[in-house]
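Everything on this sheet refers to the single structure shown next.
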Amino acid sequence: MTNEELKAAYQWAKKKYAEIGVDTDKAIDQLSKIRISINCWQGDDVEGFLNKQSLSGGIQVTGNYPGKARTPDELRQDLDFLFTLLPGKYKLNLHAIYADTDEKVSLDKLEPRHFEKWVAWAKEKDLGLDFNPTCFSSPMVNNGFTLSSADEKTRHFWIDHCKACLKIGDYFGKELGQKCVTNIWIPDGYKDTPVDYLAPRQRLEDSLDQILETPYDKKNELVAVEAKFFGIGVESYTTGSNEFYVGYATKHQIAVCLDAGHYHPNEFISDKISSVLLYTPELLLHVSRPVNWDSDHVVTFTDELQNIATSLVRNNLIERTHIGLDFFDATINRIAAWTIGTRNMLKALLKAYLEPTEELKEVENKGDFTTRLAVTEELKSYPFGIVFDYYCMKQGVPTGDAWLAKVRDYEKNVLSKRN
Ligand code: RNT
Ligand code: ZN
């Protein structure tokens with residue numbers, strides 16, 4: 011389709027939406043204000059650069075698609091290219107193991123200076139940065155335990171690591187003038203049924219209390235805690251359960267991180283958002299796609315993705331929510347994985363904005379469930395794809411699947427030369 015044809019199609023779509031009281035220009039404008047946080051770890055299969063350990067902690071990457079980033083420069087090169095395929099502005103979500111330094115530094119001794127190059131690059135590209143302590147893939151993980159370990163030396167190592175990370179997050183926020191979300195996820199748990207369910211949680215609470223004593227400015231940094239139901243090899247007990255972290259975050263008024271893959275397959279984070287935000291000031295999402303378990307598949311355009319987006323938009327919760335992506339697939343081109351996942355998140359948000367929400371709420375409150383079902387079903391086939399393409403065109407990035415040819419070129423010219 012030519013740009014002229016797309017513009018004409020957009021005018022038609024705009025009219026169709028206007029008939030139900032929806033302003034497409036406004037929806038595009040609202041979408042352009044959201045900064046999705048891109049998970050850096052899709053670029054290199056969660057390896058990082060610090061100690062190049064293979065991934066462990068109940069999470070797994072499968073596949074060996076050629077061309078993964080081996081250095082911080084290669085990762086930035088891939089991201090620079092990625093941003094030419096995506097409309098709007100972004101944040102990059104870094105893990106501690108992505109430190110860009112020649113020093114051999116232990117996780118508990120990390121400092122802001124080890125991330126200076128990331129900050130300089132983020133400034134140049136107008137990106138925000140988010141952060142995560144890396145409490146996995148390390149010989150310091152003791153029998154699967156970190157912050158809730160019964161071994162005091164282990165526990166203190168990980169407390170020191172998280173404290174170091176809070177300082178780095180504060181530095182990111184201050185330097186970039188955008189709040190950094192620092193998210194704590196730990197793999198701690200048991201393969202088999204424990205005797206003591208309580209003590210690890212008491213230790214985790216104490217560890218978090220110590221971590222939160224780190225001085226940081228709430229303008230620069232938001233601390234989040236990520237719960238999980240179970241992981242591979244950690245099937246019977248997870249210290250950091252949903253109840254544990256919702257309670258902890260509520261008590262300390264920090265953020266909960268809801269990961270779409272961390273609950274029972276019949277339990278959905280889209281339905282948790284409105285509850286959690288009643289009691290905590292802000293929220294972090296890890297938008298992922300579980301396939302029967304926390305498999306971290308690339309985000310596709312599923313009903314749950316749409317439900318996540320609509321629960322944020324319908325209730326005006328976008329401003330208090332940080333939308334991060336969390337997937338890692340090494341069986342396909344990694345840049346395509348990022349592009350597909352991010353564009354799907356954007357499309358779901360756009361579709362959520364293209365809805366006559368107030369009218370639908372009125373209908374619902376009147377008890378007219380027939381109209382509610384009729385209208386929401388009709389809306390599913392409204393031409394939101396044309397609105398999305400028009401937004402991409404306006405932003406000067408590829409429309410439709412035109413990005414794929416560019417990824418193929420990049421694969422040929424850059425990625426294939428890495429092996
Ligand atoms: C693991 C958590 C966690 C990680 C990333 C790499 O189950 O989802 O968020 O995926 O930190
Ligand atoms: Zn996650």
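The opening residue of the sequence shown carries number 11 in this note's numbering; numbering runs sequentially from there.
For glycine and all other residues, C-beta sits at the position ideal for the given N, C-alpha and C.
Residue i beta carbon near the ligand RNT (any heavy atom closer than 7 Å)
i: residue 196; result: no
i: residue 142; result: yes
i: residue 56; result: yes
i: residue 51; result: yes
i: residue 236; result: yes
i: residue 105; result: yes
i: residue 179; result: no
i: residue 339; result: no
i: residue 69; result: yes
i: residue 377; result: no
i: residue 241; result: yes
i: residue 419; result: no
i: residue 88; result: no
Local Cβ density within 10 Å of residue i, reported as buried at 16 or more and exposed below that
i: residue 203; result: exposed
i: residue 349; result: buried
i: residue 274; result: exposed
i: residue 371; result: exposed
i: residue 233; result: buried
i: residue 97; result: buried
i: residue 359; result: buried
i: residue 229; result: exposed
i: residue 374; result: exposed
i: residue 248; result: buried
i: residue 112; result: exposed
i: residue 423; result: exposed
i: residue 74; result: exposed
i: residue 132; result: buried
i: residue 221; result: buried
i: residue 347; result: buried
i: residue 76; result: exposed
Whether residue i touches residue j by CB criterion (8 Å)
i: residue 44; j: residue 328; result: yes
i: residue 258; j: residue 223; result: no
i: residue 353; j: residue 78; result: no
i: residue 171; j: residue 145; result: yes
i: residue 250; j: residue 304; result: no
i: residue 64; j: residue 147; result: yes
i: residue 110; j: residue 141; result: no
i: residue 194; j: residue 231; result: no
i: residue 362; j: residue 320; result: yes
i: residue 23; j: residue 34; result: yes
i: residue 351; j: residue 338; result: no
i: residue 83; j: residue 71; result: no
Boundaries (first-last residue) of the beta strand (DSSP E) holding residue i
i: residue 266; result: 265-269
i: residue 190; result: 190-194
i: residue 300; result: 299-301
i: residue 101; result: 100-105
i: residue 49; result: 46-49
i: residue 236; result: 231-236
Endpoints, the alpha helix (DSSP H) within which residue i is located
i: residue 321; result: 313-324
i: residue 214; result: 209-222
i: residue 8; result: This structure cannot speak to residue 8, because the chain is shown only from 11 to 429.
i: residue 446; result: Past the edges of the chain, shown from 11 to 429, lies residue 446, and the structure says nothing about it.
i: residue 399; result: 394-404
i: residue 39; result: 34-42
i: residue 179; result: 162-186
i: residue 142; result: Taken as a continuous stretch (DSSP letters only), residue 142 belongs to no alpha helix (DSSP H), being part of the beta strand (DSSP E) at 138-142.
i: residue 352; result: 344-363
i: residue 262; result: 252-262
Any chain B beta carbon closer than 8 Å to residue i
i: residue 38; result: As a matter of chain content, chain B is missing from the structure shown, which is built from one protein chain.
In chain order, what residues place their C-beta within less than 5 Å of a heavy atom belonging to the ligand ZN? 269, 296, 336
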